[in-house]
Amino acid sequence: MVSDGGNIMAILINLITTFFAMIGLRLDRLNLFWIIGAVMTFAFGHYYVIIANNPGLTLSYFFFTLVFYYFGNGLILSSSIPRLLIANYGEKKAFEIYQTIVGLMFMNQGLGIAAMTSLDMGANWEISIASSYTFIFGGIIFMVGMVLKIWSTMTLGIDLYYYRDMFLNHSVGTFTQSGPYKIFDNPMYGIGQIHGYGYAIMYQSITGFMAIALCHVLIYVFYYSVERPFVRRVYGELGSLHP
1 MVSDGGNIMA
11 ILINLITTFF
21 AMIGLRLDRL
31 NLFWIIGAVM
41 TFAFGHYYVI
51 IANNPGLTLS
61 YFFFTLVFYY
71 FGNGLILSSS
81 IPRLLIANYG
91 EKKAFEIYQT
101 IVGLMFMNQG
111 LGIAAMTSLD
121 MGANWEISIA
131 SSYTFIFGGI
141 IFMVGMVLKI
151 WSTMTLGIDL
161 YYYRDMFLNH
171 SVGTFTQSGP
181 YKIFDNPMYG
191 IGQIHGYGYA
201 IMYQSITGFM
211 AIALCHVLIY
221 VFYYSVERPF
231 VRRVYGELGS
241 LHP
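Quick note: the sequence shown, position 11, residue 11 per our numbering, numbers continuous.
Okay, here's the thing in C-alpha cells:
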C-alpha cells in the first residue's frame, strides 16, 4: 500500500520531470552531448536575453531557432534520416540521438522567444497599458497556458512529446481521449500555446507577442504538413495520440 505522502511525491516528481522535458531537458535521459549542448545554449541565450540588446543579433538568433526547430524537425521526420539511424544503431540508440537534438531544439525555441520579449525597441514597441495590469493579466494567461500544456504532456507521455512514434514510424500507444483531450480538440498546439502570449503581455512586449504568434503559426504548419498525415496513417482518422 502506497501512502498519500508517496503519491504526492510521485506526482511532484512527475510534474518536475515533465516541466524540464518540455523546456528541453529529459532528466532521466541526459547524456554528455545533451548536457554540453544545454550549457552552451543557455549561456548563449543568456547573452541575448539578459545582456545584449542588439536587434540585429537578436532577430538573427530568433530566426535561427525557427529554422532549427520547425524546419529542422520537419525535415528529419520527413526524410530517411530516422530509418538510417535505426538501421545503424537500433531503435533505442537512434531515438536517444534524435531526442537529444529535439531537446536542444526546444531549448533554443524557448530562448528565442525570451530574447524577442526582452528586446528593448523603444516605447513604440511596448504595450501602452499600466504595467501592473498587464503583468497580472499576462501572468494569468501564462499560468493557464502552462498548466494546460503540462497537463497535455502528462496525458500523452514525454516520449510522444518528443515525437517517438513519428521517429520510429510506428504506433507506440493507443488512442487517448482523457485529460484536456476531453475538453479541447488540440490542447497542445492550441490553447496550450497561450502561455507564450501571456509571457509577452507580462513584459509589455510587442516583439515578444509577434514572436510567439509566428511560432504558433509555424507549429500548425508542421502539424498539417508533417504530423497530421502520420497520425492519420498510423492511428486512423480519429485515433490520435497527438494534438
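The beta-carbon is built from N, C-alpha and C at its ideal position, and this holds for glycine as well.
### Y187 in three-state terms, based on DSSP
Walking along the sequence shown from the start, residue 187 turns up at place 187. The sequence given here places Pro at residue 187; Tyr does not occur at that position. Reduced to three states, the DSSP call for P187 is coil.
### Message
Out of V234, Y235, L218, which one is the CA nearest neighbour of F68?
### Response
Translated into the one-based positions of the sequence shown, residue 68 becomes position 68. Residue L218 is the option with its Cα nearest to F68.
### Query
Is the CB-CB distance between Y89 and F167 below 7 Å?
Sequence index remark: in the sequence shown, residue 89 carries index 89 (1-based). Sequence index remark: in the sequence shown, residue 167 carries index 167 (1-based). No, these two residues do not count as a Cβ contact at 7 Å.
### Query
Just the Cα atoms here: how many angstroms apart are T153 and Y163?
Taking the sequence shown and counting its residues from 1, the one referred to as residue 153 is at position 153. Taking the sequence shown and counting its residues from 1, the one referred to as residue 163 is at position 163. Near 12 Å, if we compare the C-alpha coordinates of Y163 and T153.
### Query
What first and last residue would you give for the alpha helix (DSSP H) that runs through V276?
This structure leaves residue 276 out entirely; the chain is present only between 1 and 243.
### Query
Out of curiosity, what's the CA-to-CA distance linking L75 and S132?
For the purposes of this step, residue 75 is taken as residue 75 along the sequence shown, with counting starting at 1. For the purposes of this step, residue 132 is taken as residue 132 along the sequence shown, with counting starting at 1. L75 and S132: Cα-Cα distance of roughly 43 Å.
### Task
Report the rounded CA-to-CA distance for F64 versus L30, giving the unit in angstroms.
Here residue 64 refers to the residue found at position 64 when the sequence shown is read from its first residue. Here residue 30 refers to the residue found at position 30 when the sequence shown is read from its first residue. Distance between the alpha carbons of F64 and L30 is about 24 Å.
### Inter-residue CB distance, G145 and I183 (contact presumed, cutoff 8 Å)
For the purposes of this step, residue 145 is identified with residue 145 of the sequence shown, where counting begins at 1. For the purposes of this step, residue 183 is identified with residue 183 of the sequence shown, where counting begins at 1. 14 Å between Cβ atoms; not a contact.
### Task
Express the C-alpha separation of Q204 and F135 in angstroms, rounding to a whole number.
For this step, residue 135 is matched to residue 135 along the sequence shown. For this step, residue 204 is matched to residue 204 along the sequence shown. Taking the straight line from one Cα to the other gives about 8 Å.
### Query
Residues in its own chain within less than 7 Å of K93 by CB, not counting five upstream and five downstream?
Here residue 93 refers to the residue found at position 93 of the sequence shown. Excluding five sequence positions before and after K93, none of the CB atoms of its chain fall closer than 7 Å to its own CB.
### Query
Using a Cβ-Cβ cut-off of 6 Å (strictly less than) and excluding sequence neighbours within five positions of N14, which residues of its own chain qualify?
Taking the sequence shown and counting its residues from 1, one reaches residue 14 at position 14. Excluding positions up to five away in sequence, the list is empty.
### Message
Between the alpha carbons of I81 and E91, how many angstroms are there, rounded?
### Response
Translated into positions along the sequence shown, residue 81 becomes position 81. Translated into positions along the sequence shown, residue 91 becomes position 91. One Cα belongs to I81, the other to E91, and the distance between them is close to 12 Å.
### Query
Using a Cβ-Cβ cut-off of 7 Å (strictly less than) and excluding sequence neighbours within five positions of W34, which residues of its own chain qualify?
In the sequence shown, counting from the first residue as 1, residue 34 sits at position 34. T100, G103.
### Task
Could you have a look at I51 and say whether DSSP puts it in helix, strand or coil?
Position 51 of the sequence shown, counted from the start, is the residue given in the question as residue 51. In the three-state DSSP reduction, I51 falls in the helix class (H, G or I).
### D165 classed as buried or exposed, judged by whether at least 16 other C-beta atoms fall within 10 angstroms
Taking the first residue of the sequence shown as 1, we reach residue 165 at position 165. By the C-beta density criterion, D165 is buried, having at least 16 other C-beta atoms within 10 angstroms.
#### Entry: Reference G299; option with closest CA among G173, Y197, I212
The structure shown does not extend to residue 299, since the chain spans only 1 to 243, so no value can be given for it.
### Query
Would a check of beta-carbon distances place G74 closer than 7 Å to chain C?
Among the chains in the structure shown there is no chain C, since it carries only a single protein chain.
### Query
In chain order, what residues of the same chain have a beta carbon less than 7 Å from the beta carbon of S178, not counting five sequence neighbours either side?
Here residue 178 is taken as the residue at index 178 of the sequence shown, counted from 1. Here the set comprises T155.
### Query
With burial defined as no fewer than 16 other Cβ atoms inside 10 Å of the residue's Cβ, what is the status of M9: buried or exposed?
For the purposes of this step, residue 9 is taken as the residue at position 9 of the sequence shown. In the assembly as shown, M9 is an exposed residue. Its beta-carbon has fewer than 16 other beta-carbons within 10 Å.
### Query
If you draw a straight line from the C-alpha of F44 to the C-alpha of V234, how long is it?
Here residue 44 is taken as the residue at index 44 of the sequence shown, counted from 1. Here residue 234 is taken as the residue at index 234 of the sequence shown, counted from 1. The alpha-carbon atoms of F44 and V234 are separated by roughly 39 Å.
### S116 and G208 closer than 7 Å at C-beta
Here the question's residue 116 lines up with position 116 in the sequence shown. Here the question's residue 208 lines up with position 208 in the sequence shown. Inspection of the sequence shows that residue 116 is occupied by Met rather than by Ser. In contact: M116 and G208 (Cβ atoms closer than 7 Å).
### Task
Indicate whether I201 and G110 have their beta-carbon atoms separated by less than 7 Å.
The residue you call residue 201 lines up with position 201 of the sequence shown. The residue you call residue 110 lines up with position 110 of the sequence shown. Taking 7 Å as the cut-off, the beta carbon of I201 is found no closer than this to the beta carbon of G110.
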